[in-house]
Structures are given as structure tokens and as C-alpha cells.
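Note sheet for the following structure.
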């Protein structure tokens, strides 16, 4: 079996093709996924890395907004084109397009900033969550199930994900609220590269975010004929972060309607520092009978 952390680092180690038009061109490998579709967090993280490769090292990504346009194919590499839209005295803006078979699968715009001083405040970290060490791992929950998706979730992810109070892989055991929370960290230590850690956080952020929508309606991932897909993804990095240390990722869904749901999330360090915020709208389609009941 491939080391999942090594696979993550390999995916984020983009190749500079040397080609130049009006844009910078990079290529990245696709990681295997059950079902054959590229994991959205992977292409997000690669797009962030591609854009980061075109800015000065002192300028770190602080926000990005991306749209998933088409499903990606895990059997193909991905080409990334980066348009250097603007370089100012403190900020840089980049637009990244991800392509397979000549058509875009993701379009993202990101902003980078030099380190700067300013006002400081943050929303406090929610209280009452148990320590991650007291919670079961995904491997402990799913490792005994002989199914491609279960084996992938249990063994192939580069992140240790522990749900509070319980996951919704197979059923929804906890109260049906529009909230979700996980402790999360990489299984191994990552290099001391701030851009890499921020890209890896984008990678991880896509895993459970839409679960706040599903939990509200008592829907597990194995619900027959449930169809869920990310439509867009926005992220703001507030403070330095390491993804190889435990982070509490709390999520909530303020609305679901029209076959879509909105989810918002916040990442906190173990000592309560807010390091990033996330928002995502997803397509959530359920059988007519379930939609009527909910």
C-alpha cells in the first residue's frame, strides 16, 4: 500500500512544464479514488500550490474562491494554468484553471499577501469537545468492512479524521442538527513550508464539510440514491497553521433548498487559535420520499 502522506506530498509536488504563453503551466498527478473521480480537495490544493509557485515566497495565500466545473478523472494528470492577474505593493492575485482533456474542471482565484500588522480578534473556540485521543479512528470504524469506499476511507486518506460525537458513514446516531465537527491532522510530519501547509488544509477542508447538511436530515453517506457533489469552495487563512498538528474543524449549515446546501466551517488549533474559515455550497439530491419527509 502507498503511504497516504507520501501520496499527498507527491500530488502537491507539481511539475513545472517550462511552457510559457501568457500563463505559467504546471502538471500534477491524480490520486486514486473509488469511483474514479478526482477528490475535490486534491485539485483545490494543487491549484493553490500552482498559484503559490508564481508568487514571491514572502507572499502567502490568504484567500481563495473556486468553482468545480466538471468531475475529474483519476486516470489522467491535471494541467494547471496560472494567470498573474496583479502584483501590488502588498498583495498579489492569481487565477488558476485546472484542465483535463482540454477542458477546465476547476476555476479558482486566489489572493496572496506579505506579512503585515493590524487589528486582532477572533471568534472563540467552541467548548465541550472531547480530546481527539479519546475518539475512534476511521480505520477502527470502517477497517473491517470489505468495500472499496470503506477501505479507502479507512486506509488511504493522509489525514486522521475523528468525528465528534460520531461519524455519519453508515448511520446518524447523534441528534439531527445542522452541525458537524471533527478533529483532524496529517498522519505524518510535513515539511516546514507555509504554502504547503495551507494547501494541505484546503485539501483536508473538503472531506467533511457537507456533512453538516446531511446530519440535519439524518442522512448517512450510504443512503441509497443519495447524490452529493461540491459546487464551489471558498477559504480564508487567518493565521499560520500546521496540518500535522491536531485541528478542530467545526461546521454548520445555515440553509438547504433547491437541491443545494450551504456549509460553513472554522479550523481551530488545539489551544484555541482560529486559523482558517471555509464555506462551500454543494448539490445534495435525495429520493423524492426522503425529501418530502425532511
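Numbering (full-length UniProt numbering), first residue to last: 1 to 294.
Using N, Cα and C, we set each Cβ at its ideal position, and we do this for glycine too.
| Item | Value |
| --- | --- |
| Among 57, 38 and 247, whose alpha-carbon lies nearest the alpha-carbon of residue 76? | 38 |
| Any chance the CB of residue 127 is under 6 Å from a heavy atom of the ligand GTP? | The ligand GTP is not part of the structure shown, which contains no ligands of any sort. |
| Pick helix, strand or coil for residue 8, following the three-state DSSP scheme. | helix |
| For the putative contact between residue 196 and residue 167, defined by C-beta atoms under 8 Å, what is the C-beta separation to the nearest angstrom? | Actually they are not in contact, since the Cβ atoms of residue 196 and residue 167 sit about 28 Å apart, beyond 8 Å. |
| So residue 4 and residue 267 are supposed to be a Cβ contact under 8 Å. How far apart are they, rounded? | Not confirmed; about 20 Å, so no contact. |
| One question on the structure: do residue 143 and residue 213 come within less than 7 Å of each other, judged by their Cβ atoms? | no |
| Comparing alpha-carbon positions, which option in 150, 122, 90 and 101 lies nearest residue 111? | 90 |
| Whose CA, out of 173, 24, 216 and 125, lies closest to the CA of residue 307? | No statement about residue 307 is possible, as the shown extent of the chain runs from 1 to 294 and does not include it. |
| Roughly how many angstroms lie between the CA atoms of residue 174 and residue 165, to the nearest whole one? | 7 Å |
| Are there 16 or more other CB atoms within 10 angstroms of the CB of residue 66, so buried, or fewer, so exposed? | buried |
| Quick check: residue 80 and residue 45, are their CB atoms within less than 7 Å of each other? | no |
| Counting C-beta neighbours from all protein chains within 10 Å, is the total for residue 180 16 or more, i.e. buried, or is it exposed? | buried |
| Starting from the N-terminal side, write out each stretch of the alpha helix (DSSP H) that is 4 residues or longer and does not extend beyond the stretch 129 to 156. | 138 to 142 and 148 to 155 |
| In its own chain, which residues sit with a C-beta less than 7 Å from the C-beta of residue 250, not counting the 5 before and 5 after it? | 126, 181, 265 and 266 |
| Can you list, in chain order, the residues of its chain with a C-beta nearer than 7 Å to that of residue 329? Leave out the 5 residues immediately preceding and following it. | Because the chain is modelled from 1 through 294, residue 329 falls outside the range shown and cannot be assessed. |
| What residue from 109, 105 and 78 has the CA that sits closest to residue 92's CA? | 109 |
| Considering only C-alpha positions, which residue in the set 114, 200, 145 and 240 is nearest to residue 88? | 114 |
| Of the choices 41, 154, 15 and 16, whose alpha-carbon is the least far from that of residue 233? | 41 |
| Is residue 283 near residue 229, with beta carbons less than 7 Å apart? | yes |
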